[in-house]
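S.K.: Sharing a structure with you now.
Residue numbers (my numbering): -14 to 287.
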């Protein structure tokens, strides 16, 4: 006995005839007749009494058919709930961005994603690389955008390469270091704002801060919000980080200047997602949007 045979039996009861059930189910009468016979044989009892105008349930058949109908309704509801849950998961996309200063540069990709697929709901989260990677490992993120090398080392993960990230030092317009060739000692002598003390730029930051005197941590501001960091830099002598793509924008150039001091070689970036299981459509749409509008590409921002 299986669900298909139960459906045939319930259909016969509702239609009151083998022929009517066959038409409703879009199968042959012989298939319905055989299903009813198989169930009756397995139960050892007749489900239907046959008469000239069709069939009607026997007393034993009525009890069995009513229970079978409830089972089928529960199964149909279960399938519908699972399908609805799958659709909901596909519509909600959880994206991690590391370093968090890249979050603002995701605008064009997110605008394109939501504009083309208005049913998608985006949960965008900037985080330090270690925090973002932990969330990704726990299954709390569907995709993580960050440094390529450690992402590619993760097991069960697929990565798509993005244009590399070039980080630069910047200061307010009119800053004493603006327009000059700057040394490591010059930068180390001033307050430095960094998004994190670990991650891809930890080593060059540590090397730089060792050029100064005293505890390096006492000379650091740690702010993941670029907007907050920019506000402090605009009002002080502090030095901060900026991605070269945003540094080319009119808005940035009207407020700040990039220092003539190389931080390090461009950092390869990637977007990572899991290879196991069926990938949601929303994730595929997001990957396409990132391909079309990579956040690390030098573009004019509004």
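C-beta atoms are modelled at their ideal positions from N, C-alpha and C, and glycine is treated no differently.
1. Hey, out of 97, 46, 113, 12, whose CA is closest to residue 272's CA?
2. In terms of DSSP beta bridges, what is residue 178 paired with?
3. Consult DSSP for residue 39 and reduce its assignment to one of helix, strand or coil.
4. If I measure Cβ to Cβ from residue 206 and keep anything under 8 Å in the same chain, skipping five residues before and after, which residues do I get?
5. Determine the contact status of residue 251 and residue 149, defining contact as a CB-CB distance below 8 Å.
6. Hey, how far is the Cα of residue 263 from the Cα of residue 106?
7. Is the shortest distance between the beta-carbon of residue 140 and the beta-carbons of chain D less than 8 Å?
8. Out of 245, 236, 141, which has the shortest C-alpha to C-alpha gap to residue 169?
9. Comparing alpha-carbon positions, which option in 34, 35, 46 lies nearest residue 28?
10. Does the stretch 115 to 122 touch the stretch 77 to 89, meaning 3 or more C-beta pairs lie closer than 8 Å?
11. Per DSSP, which residues does residue 226 bridge with? Please list them.
12. Taking the beta strand (DSSP E) that residue 247 falls in, what are its first and last residues?
13. Express the C-alpha separation of residue 110 and residue 242 in angstroms, rounding to a whole number.
14. Give the secondary structure of residue -12 by DSSP, where H, G and I count as helix, E and B as strand, and everything else as coil.
15. Taking the alpha carbon of residue 101 as the reference point, which residue from 120, 122, 76 has its own alpha carbon closest?
16. Per DSSP, what kind of secondary structure is residue 135 in: helix, strand or coil?
17. Quick check: the Cα distance between residue 53 and residue 143, rounded to an integer number of angstroms?
18. Does residue 230 pass the burial test, meaning 16 or more other C-beta atoms within 10 Å, or should it be called exposed?
19. Using a Cβ-Cβ cutoff of less than 8 Å, which residues in the same chain neighbour residue 64 once the five nearest sequence positions on both sides are dropped?
20. With which residues is residue 255 paired in a DSSP beta bridge?
21. Residues in the same chain with beta-carbon distance under 6 Å from residue 232, minus the five sequence neighbours each way, listed in chain order, please.
22. Going by Cα to Cα distance, which pick from 132, 41, 104, 23 is closest to residue 5?
23. Specify the secondary structure class of residue 108 as computed by DSSP and reduced to three states.
24. What is the rounded straight-line gap between the Cα of residue 278 and the Cα of residue 90?
25. Do residue 9 and residue -4 have their beta-carbon atoms positioned less than 8 Å apart in this structure?
26. Does the beta-carbon distance from residue 147 to residue 275 come in below 8 Å?
M.R.: In brief:
1. 97
2. 206
3. strand
4. 176, 177, 178, 179, 214, 217, 223
5. yes
6. Confidence at residue 263 is low in this model, with a pLDDT of 49, below 50, so its placement is unreliable and the value that follows should be read with caution. Cα to Cα, residue 263 sits roughly 19 Å from residue 106.
7. Protein chains in the displayed structure number just one, and chain D is not present.
8. 245
9. 46
10. yes
11. 154
12. 241 to 247
13. 28 Å
14. helix
15. 76
16. helix
17. 45 Å
18. buried
19. none
20. 131, 146
21. 153, 243
22. 41
23. strand
24. 9 Å
25. yes
26. yes
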